[in-house]
Amino acid sequence: MNQKLFLSGPSQKGKSYHLRSLLPKIKVEIGGFQVKRVKDQNELIGFALLPPDFTLPEEIQKHQLKAEMFLIRTETGLEFKEEVFSEQFLAAIEQGEMLYLDEIGGIELKIESVRKRIYQLLKEPRPILGVWKSKENAWRLVEEGKVDPGFLPLHHSLEEKIDQRHLLLSFDKKKHWAERYLQILGLHRDLPGRKYCCQILQNLPENIKQHSLAVTKLVYPLALSFGLENPEYLIQAALLHDAKRLEPDHAKVMAAELEDQYPFLASLIETHMVLPQEFYNQAHAVLWLADKSSLEDEYVHPQERFLVSKEKYGMTPMIKKNLETLAAMNLPKNWQPKDLINTGGRDEKDFFGFTRCNFN
């Protein structure tokens, strides 16, 4: 699942404007920066890196600017301040559960520390929304003498890396894909957000907490194996599925609490105890299977968990129904949930990406 999206294309087409319009819809803390024109009265005097605050105007007046400009207009043209850009860039990207990178791929690639950090960001799990300057822009920098021809291989290499491993989309063709990207990652406001889920887990008994994290670790690779394109709903449902376990009929209680704001999330949680037949081939089956494959925080075949429950409670109607559901899934005989786990451990520090449950 790609967690990074860069829009590219001709200048002055609204790429940055479109992405900034999405910022109010994002639930997690946003780090990174946006590039703003700075004017003195009506005269353009430079450009500044500013926080990704969607409330800022399109252009900043000099008297409003608190940061130092990294690009300053002089009598001979625009002067690039490498030290200013480097310091501001490196500080801006250290914050946030998600990054917004506005207008990268330009003259700043000359700075080795900046270039290396961009490569590192592409390997990190944090989601990124960004604007990538096109190859036409790179050629223009060379033609105008602002960079030497050695800049072109630097730009091409990084663009190729983004295009191969992440999402580099032509803005004129795919400008509405950015909002879909937020929905797929679960950063859109139709989910409560992982930070909220972790806060709920914070106050639960340790055994429930660890079970919920184990189910969460499993539900993502399991969703991919089912061919589901949007595992984020399942990740947050897994975190919350046992939040009311200390109450009778806990699945329905939690579902009722979420129903008004997050109806799909509520339906996932409501069916995790007993899966109705109409949900056998839907996302609900993934959460059900992940839960039944986790005996507290240990991964087991669901058959083993049901045997433990049968020894403890006898053959209840719920256990009988769950055994029927398991048989209908027709899992391979050698199927083992732990084979799907490739995270290197089940600690709560990091799972599928960018939000951490810090219980200290």
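Residue numbers for the sequence shown, in our numbering: -13 to 346. From the three backbone atoms N, C-alpha and C, an ideal C-beta is built for every residue, glycine too. Model, not experiment: these values are computed from the prediction.
Of all C-beta pairs linking the stretch 65 to 76 to the stretch 37 to 45, fewer than three are shorter than 8 Å, placing the two stretches out of contact.
The beta-carbon separation of ASP88 and PHE19, rounded to 6 Å, stays under the 8 Å limit for a contact. SER99 and SER143 have their C-alpha atoms roughly 16 Å apart. Excluding its 5 nearest sequence neighbours in each direction, ILE31 has C-beta neighbours in its own chain below 8 Å: VAL24, LYS25, LYS48, MET55, ILE58 and ARG59, listed in chain order.
Relative to the Cα of ARG180, the nearest Cα in the group GLU29, TYR219 and ARG291 belongs to TYR219.
Here GLU233 has VAL239 as same chain residues with Cβ atoms under 7 Å from its own Cβ, once five neighbours each way along the sequence are excluded.
The beta carbon of ALA200 sits closer than 8 Å to those of SER280, GLU282, ASP283, GLU284, TYR285 and ARG332, all from its chain and outside the five residues before and after it, given in chain order. Judged by beta-carbon spacing, ILE90 lies within the 8 Å limit of TRP118, meaning their Cβ atoms are closer than that value. Where TRP118 is concerned, the enclosing beta strand (DSSP E) starts and stops at 114 to 118.
Cβ neighbours of LEU187 within its own chain (closer than 7 Å, five residues either side excluded): LYS195, SER198, LEU225 and CYS343. For the 8 Å CB-CB criterion, HIS258 and LEU273 form a contact. Boundaries of the beta strand (DSSP E) around ALA34: 29 to 36. Around the beta carbon of VAL205, 16 or more other beta carbons sit within 10 angstroms, so the residue counts as buried. Counting only the Cα atoms, LEU317 lies some 28 Å from ASN193. Rounded to the nearest angstrom, the gap between the Cα atoms of LEU309 and GLN(-11) is 37 Å.
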